[in-house]
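Taking it in order: structure first as structure tokens, then the write-up.
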Amino acid sequence: MTSIVVSVGPLSGVEPGLLSRAFEVARAGSIAARAGLVIEPAPLVVRCRECGAEGEAAPQALLCPSCGGWRVDVVSGDDLLLRQLTLTPLPESARDEGGEEAGAGNEEGGSEYV
Ligand SMILES: [Zn+2]
Numbered sequence: 311m312t313s314i315v316v317s318v319g320p321l322s323g324v325e326p327g328l329l330s331r332a333f334e335v336a337r338a339g340s341i342a343a344r345a346g347l348v349i350e351p352a353p354l355v356v357r358c359r360e361c362g363a364e365g366e367a368a369p370q371a372l373l374c375p376s377c378g379g380w381r382v383d384v385v386s387g388d389d390l391l392l393r394q395l396t397l398t399p400l401p402e403s404a405r406d407e408g409g410e411e412a413g414a415g416n417e418e419g420g421s422e423y424v
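Going from the sequence shown to the numbering used here is simple: count from 1 and add 310.
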């Protein structure tokens with residue numbers, strides 16, 4: 311089984327529910343058609359400009375976990391990361407069909423502009 315693991319930061323703007331639905335649609339008919347999508351929430355980590363402390367903060371309250379100051383920089387948590395991609399080779403029976411290259415030239419015949 312193929313599986314895709316992504317981590318979604320709280321500030322990434324990505325809604326995990328929407329992402330998994332989009333994935334359901336996007337994977338149909340692709341090589342990932344049987345893939346499972348695992349969405350891991352990523353921690354929101356900030357670094358304080360006042361005291362230099364680094365730690366997790368709540369997305370709705372970007373405050374230093376140590377001194378409570380508001381002058382913090384987001385270290386991570388505003389991104390969407392592809393963490394892991396697991397590909398399982400196709401079983402022998404599936405490989406034998408191998409007709410992919412045979413018809414490759416045919417479809418481009420009519421693509422010339424006149
Ligand atoms: Zn601080």
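All residues carry an ideal CB built from backbone N, CA and C; glycine is no exception.
Neighbourhood of residue i by C-beta distance below 7 angstroms, restricted to the same chain and skipping five residues each side
i, result
"V303", "Examination of residue 303 is not possible in this model, given that the chain is present from 311 through 424 alone."
"V315", "V348, E350, R393 and Q394"
"R337", "A343 and A345"
"S322", "D388, D389 and L390"
Sequence-distant residues of its chain with Cβ nearer than 8 angstroms to residue i (five each side left out)
i, result
"E325", "none"
"S317", "I349, E350, P351, A352, L390, L391 and R393"
"C377", "C358, E360, C361 and A363"
"N416", "Bear in mind that the predicted position of N416 carries a pLDDT of just 47, short of 50, making it unreliable; the figure below should be weighed with that in mind. Same-chain partners within the cutoff: there are none."
heavy atom of ligand 1 below 7 angstroms from residue i C-beta
i, result
"A371", "no"
The beta strand (DSSP E) enclosing residue i, as first and last residue numbers
i, result
"S330", "Run containing S330: none in the beta strand (DSSP E); it sits in the alpha helix (DSSP H), P326 to R337."
"D383", "V382 to S386"
"R359", "That residue, R359, is in no beta strand (DSSP E); it is neither H nor E in DSSP."
"I349", "G346 to P351"
"S313", "S313 to V318"
"L391", "L390 to T396"
Cβ-Cβ distance between residue i and residue j below 8 angstroms
i, j, result
"E366", "G379", "no"
"P320", "P369", "yes"
Neighbourhood of residue i by C-beta, 6 angstroms cutoff - its chain only, sequence neighbours within 5 removed
i, result
"V382", "V356, C358, L372 and C374"
Cβ of residue i within 8 angstroms of any chain D Cβ
i, result
"T398", "This model lacks chain D altogether; it includes just one protein chain."
#### Entry: Any residue whose CB is nearer than 5 angstroms to a heavy atom belonging to ligand 1, listed in chain order
Screening all residues for a C-beta within a distance smaller than 5 angstroms of any heavy atom in ligand 1 leaves C358, E360, C361, A363, C374, S376, C377 and G379, in chain order.
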